[in-house]
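Protein chains in written order, with this note's numbering: chain F, 1 to 453; chain Z, 1001 to 1306.
From the three backbone atoms N, C-alpha and C, an ideal C-beta is built for every residue, glycine too.
What follows is a single structure, written as structure tokens, with notes after it.
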């Protein structure tokens, strides 16, 4: 029989499909009835009333029914066809990205460097770029811990907080500038990583994750309540901005006597956007250093040991690698990078409070790493960009009901994406979970035989 | 030490501990049977609390004002709908991941937790939901001119309901075929499936039961504190998980014991020391137990297999 584009209906068990779709619709109805169908609304004076939305429930049920039916049909239709040998879209995409990672990286770098001078660029866009780069840097830092060493760290935001607060406090008490405080913040965060990591690293994967979560929360609560030092929930204000080799970004006319301003020194007209550009380039350079650093580390024995440990801890131990020291180094380096990002965050905002360092922030950074593909530098850039840009895209859809407020749905989408990615592409959209080095490189057996001959 | 003050904190701690214990059972059962931390379980409890509030409001609109009847209806409704959330969670987020790499279910659970928080926030609003107190009054146990030890009717209700549920639940696990299937899966899933136990169904039902108990805890908290919001699941989840770990993950009496201990520690800490650092104590206990005695008080030590 000729291969039909549309499979004959008789070969698809339609009653069973409808039954399954009906079941899905029924479950959707039960799920939606209380939470979607009845909204508790404030009617003032602290009392609540219910606002019924059964229309939305009906829409949800219909969507679930049709969706399940369509999915079942698609699957049955596909099962009829001979097995595809062509890999799926994402597989091909990620293979292409891995093959051309150098070219993509250079193109991306060129784009990032010229961003402030591109047409249509503005202070606002450069500011978003800065935001993206903060998350890229955090993602790359966490990638060392999660992607390379395979340790799930749910409290990464703690190191970000340590970096931010160490700069904030050093600036407040000792008048240190950003560039003086940056190395100190890195060292402090790394020490925190070692102190926190030391007792927990012999724990198994999921227990380690929960303990890091506990540490993250402890640090946040201490920051909130230790008011004498951290100023409690009010946070630290007036954190100094970074300077360009001692030149500050201020209007020369308004700057205090004796300070050298950037605009004055170079004989430019003062523009506030200069500072935005400068911050952007600072984080770009920090991020590039991070990237270079981690890429080099991968080629060092310690980087090899991280990846080996991720693949099989017991085998590593048998081969004489000390898992604790290796894990500790990953933890410390990840923490240090997080601390740098934290310092930059503090100087950029000029204000920090414990509010910025909640568990949600850790979850966001983890989502960036997981969605991008654990161990993939490019993937982190991609998912950080999507995460930061998503709320901004809402303005393109003004007037369209849901898309208009897409920013509100950001974490909803990211939560779903995390589940979806674990189910369909556990290596991430752009995966690079392959070990950096193999005993027998591509087609190892053939090569070995050639040598034998 | 002031004995009366101590007694009052003891009562408060037992009440809190009952709530944590009920949530902890969900963690411990799931961990026992499929070896994963169901990070979204705290969110399931939060959904249970929301469904309780919604049902209370609905009953108010329908004109049912007899409080015991109200509570029974809300209890059943919340258990039913929350159980469906638990079932769906397992079906969508965890079942496809059986046999994936070790951290996959945990990452998926974190995704589910983020999803549920935002789901409830978007659908029900980010503001806290107050509910007027339904059960008021109590019994004065001991009194002195300047201090009275009181156990409220609500506290009695919470403690008694927890004890009843615990006994029922233990009997269920020990005596019914389903409980037997559950224990079999816990010991050796492959062998159980070879002997005709429907593993998928057993795991599903584990989630359903855990969610139903979490819904009871949600109802209790709604009544006890009278105010809930979409974020309560995180902290309660971590505390209940700590309880499960403290008691020994995988052990049902351990979960209850751990819950009560955590409740007592929290009550005494806020009663005698500072209320600000009460959450820190829980996290410190969590960290300490995991580092020094990962098998908990009543658990069996685990041996890593190659």
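Secondary structure of residue i, DSSP reduced to three states
i, result
"residue 400 of chain F", "coil"
"residue 48 of chain F", "strand"
"residue 1197 of chain Z", "coil"
"residue 443 of chain F", "Low confidence applies to residue 443 of chain F: its pLDDT is 47, below 50, so where it sits in the model is not reliable enough to give any reading."
"residue 1138 of chain Z", "strand"
"residue 189 of chain F", "helix"
"residue 38 of chain F", "strand"
"residue 122 of chain F", "coil"
"residue 1016 of chain Z", "helix"
"residue 92 of chain F", "helix"
"residue 248 of chain F", "strand"
"residue 426 of chain F", "coil"
Burial state of residue i, where buried means 16 or more other Cβ atoms lie within 10 Å
i, result
"residue 454 of chain F", "Only positions 1 to 453 of chain F appear in the structure, and residue 454 of chain F is not among them; the question remains open."
"residue 147 of chain F", "buried"
"residue 1132 of chain Z", "exposed"
"residue 1142 of chain Z", "exposed"
"residue 31 of chain F", "buried"
"residue 153 of chain F", "buried"
"residue 140 of chain F", "buried"
"residue 1127 of chain Z", "exposed"
"residue 325 of chain F", "exposed"
"residue 1191 of chain Z", "exposed"
"residue 119 of chain F", "exposed"
"residue 100 of chain F", "exposed"
"residue 1175 of chain Z", "exposed"
"residue 143 of chain F", "buried"
is_contact[residue i, chain Z] using C-beta, thresh 8 Å
i, result
"residue 354 of chain F", "no"
"residue 363 of chain F", "yes"
"residue 214 of chain F", "yes"
"residue 457 of chain F", "Nothing can be reported for residue 457 of chain F, as the shown portion of chain F is limited to 1 through 453."
"residue 366 of chain F", "yes"
"residue 217 of chain F", "yes"
"residue 233 of chain F", "no"
"residue 401 of chain F", "no"
Neighbouring residues, chain F, relative to residue i (Cβ below 8 Å)
i, result
"residue 1065 of chain Z", "Going along chain F, no residue has its Cβ under 8 Å from residue 1065 of chain Z, so there is no contact; the nearest lies around 15 Å."
"residue 946 of chain Z", "Coverage of chain Z is limited to positions 1001 through 1306, which leaves residue 946 of chain Z absent and any answer about it impossible."
Residues that residue i contacts on chain Z, provided the C-beta gap is smaller than 7 Å
i, result
"residue 207 of chain F", "1290 and 1294"
"residue 229 of chain F", "Near residue 229 of chain F there are no residues of chain Z at all, since even the closest Cβ is about 14 Å away, more than 7 Å."
"residue 415 of chain F", "1111, 1112, 1114, 1115 and 1118"
"residue 27 of chain F", "1084 and 1088"
"residue 153 of chain F", "In chain order: nothing, as chain Z lies at least about 11 Å away."
"residue 34 of chain F", "1051, 1054 and 1081"
Beta-carbon proximity check, residue i vs residue j, cutoff 8 Å
i, j, result
"residue 429 of chain F", "residue 371 of chain F", "yes"
"residue 151 of chain F", "residue 145 of chain F", "yes"
"residue 160 of chain F", "residue 342 of chain F", "yes"
"residue 1215 of chain Z", "residue 1026 of chain Z", "no"
"residue 1207 of chain Z", "residue 1046 of chain Z", "no"
"residue 1021 of chain Z", "residue 1162 of chain Z", "yes"
"residue 331 of chain F", "residue 186 of chain F", "no"
"residue 1275 of chain Z", "residue 1155 of chain Z", "no"
"residue 975 of chain Z", "residue 1247 of chain Z", "Examination of residue 975 of chain Z is not possible in this model, given that chain Z is present from 1001 through 1306 alone."
"residue 1083 of chain Z", "residue 1211 of chain Z", "yes"
"residue 262 of chain F", "residue 286 of chain F", "no"
"residue 1074 of chain Z", "residue 1219 of chain Z", "yes"
"residue 345 of chain F", "residue 164 of chain F", "yes"
"residue 105 of chain F", "residue 115 of chain F", "no"
Contact set between residue i and chain Z, taken where Cβ atoms lie within less than 9 Å
i, result
"residue 40 of chain F", "1050, 1053, 1054, 1057, 1124, 1125 and 1129"
Contact test: residue i Cβ vs the ligand NAP heavy atom, cutoff 7 Å
i, result
"residue 1170 of chain Z", "Annotation note on the ligand NAP: not contained in the displayed structure, which lists no ligands."
Contact with chain F by residue i, beta-carbon distance below 8 Å
i, result
"residue 1277 of chain Z", "yes"
"residue 1270 of chain Z", "no"
"residue 1224 of chain Z", "no"
"residue 1096 of chain Z", "yes"
"residue 1204 of chain Z", "no"
"residue 1251 of chain Z", "no"
"residue 1010 of chain Z", "no"
"residue 1023 of chain Z", "no"
Residues that residue i contacts on chain F, provided the C-beta gap is smaller than 9 Å
i, result
"residue 1257 of chain Z", "Result: empty, since nearest Cβ-Cβ is about 19 Å, beyond 9 Å."
"residue 1100 of chain Z", "422, 423 and 426"
Under 8 Å by beta carbon: chain Z residues contacting residue i
i, result
"residue 331 of chain F", "Under the 8 Å cutoff, chain Z gives no residues; its nearest Cβ is about 15 Å from residue 331 of chain F."
"residue 143 of chain F", "Within 8 Å Cβ-Cβ: nothing; residue 143 of chain F doesn't reach chain Z, min ~14 Å."
Closer than 7 Å at the beta carbon, the chain F residues around residue i
i, result
"residue 1093 of chain Z", "419"
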